[in-house]
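Numbering (our numbering), first residue to last: 26 to 299.
All C-beta atoms in this analysis are idealised placements derived from N, C-alpha and C, irrespective of residue type, glycine included.
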């Protein structure tokens, strides 16, 4: 890519600097995706770290020990020690503790922006260890959570089409339940708990740029959240990766945003020539 929109590799694999042009596209994506939620939805911005006890409570450290980034500190005696923090692997993990022990009076939806980290083994285009996400999170009854997930996925496909992206849907096993055995993964796919929207981010490189996840009552049970129907709350989320989406748009339309179709520039709020 030209310097206008680019991720610049550093000495750490999967960690990049971004140019001003790239950041302008990310800001445009942030605004364009935020508009998918109701205007009065609760907005949250997460820090890049989360309490280790929360990640242990949801079992991420057992399911994905190879992806988790731990924070080291020094004990009082100067010896290395593990901090009470870990690097945040997904934005929605910050939401559930906020509602721990709550009885929801109505459907609850949030829009979350997060800086996340996963210790990925590969470093092909779009496979980043440090990346940013937009997530919409829903806490509700079982039927309304699933209907919301499917409705938001349809809206996401339409918005990505407005950016000129051709996406394909793929049912995948849901990482929120851990890797599990082969039978568990097959059951997850059969139930359609996770649906990815995949697009080409580089020549021959197709990756998930968004995903819709239905968690059933996994998190409602862990955090003792009661839904509007008096039962354990169900949850769902719709997540977008900013860097992957920016790479996908640049791959589709070229390196220079000035040459992108007017409709794409308009969706992203970029300057449109008169």
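Quick check on DSSP: helix, strand or coil for residue i?
i, result
"residue 275", "helix"
"residue 225", "strand"
"residue 51", "helix"
"residue 27", "Low confidence applies here, because residue 27 scores a pLDDT of 42, under 50, leaving its location unreliable; read the following figure in that light. If DSSP states are grouped into helix, strand and coil, residue 27 belongs with coil."
"residue 67", "strand"
"residue 193", "strand"
"residue 56", "helix"
"residue 282", "helix"
"residue 40", "coil"
When the Cα atoms are used, what is the spatial distance from residue i to residue j?
i, j, result
"residue 155", "residue 42", "10 Å"
"residue 97", "residue 186", "43 Å"
"residue 31", "residue 280", "8 Å"
"residue 124", "residue 248", "8 Å"
"residue 238", "residue 217", "9 Å"
"residue 161", "residue 137", "6 Å"
"residue 28", "residue 270", "Bear in mind that a pLDDT of 45 at residue 28, under 50, signals an unreliable position, so the model cannot answer this."
"residue 208", "residue 70", "Because residue 208 sits at a pLDDT of 47, beneath the cut-off of 50, its placement in the model cannot be relied upon, and the following sentence gives the value as read from the coordinates. In a straight line, the C-alpha of residue 208 is about 37 Å away from that of residue 70."
"residue 234", "residue 122", "26 Å"
"residue 283", "residue 118", "37 Å"
"residue 241", "residue 35", "39 Å"
"residue 65", "residue 264", "19 Å"
"residue 38", "residue 189", "29 Å"
"residue 53", "residue 139", "16 Å"
"residue 130", "residue 166", "11 Å"
Since residue i contacts residue j with CB under 8 Å, what's their CB separation in whole angstroms?
i, j, result
"residue 5", "residue 261", "This structure leaves residue 5 out entirely; the chain is present only between 26 and 299."
"residue 245", "residue 257", "4 Å"
"residue 315", "residue 294", "Given a span of 26 to 299 for the chain in the structure shown, any question on residue 315 remains unanswerable."
"residue 141", "residue 115", "6 Å"
"residue 236", "residue 250", "About 22 Å separates the two Cβ atoms, so there is no contact after all."
Could you check if residue i belongs to the surroundings of the ligand GTP, using beta carbon to heavy atom distance under 7 Å?
i, result
"residue 93", "By its list of ligands, the structure shown contains no ligand whatsoever, and the ligand GTP lies outside what it can speak to."
- Message: For a minimum of 4 consecutive residues, which ranges assigned as the alpha helix (DSSP H) are wholly contained in the stretch 106-188?
- Response: 167-187
- Unbroken alpha helix (DSSP H) runs of length 4 or more, entirely within the stretch 69-103: which are they? 77-83, 85-88
- Please determine if the stretch 189-198 and the stretch 74-84 are in contact, where contact requires at least 3 C-beta pairs separated by less than 8 Å. Between the stretch 189-198 and the stretch 74-84, the count of Cβ pairs shorter than 8 Å is below three; the stretches do not touch.
- Task: Would you check if the stretch 35-55 and the stretch 269-276 touch, i.e. whether three or more CB-CB distances between them fall below 8 Å?
- Result: With contact defined as three or more Cβ pairs closer than 8 Å, the stretch 269-276 and the stretch 35-55 are in contact.
- Message: Across the stretch 63-79 and the stretch 166-179, are there enough close Cβ pairs to call them in contact, namely three or more that are closer than 8 Å?
- Response: no
- Item | Those runs of the beta strand (DSSP E) which lie wholly inside the stretch 235-277 and span at least 3 residues | 259-266
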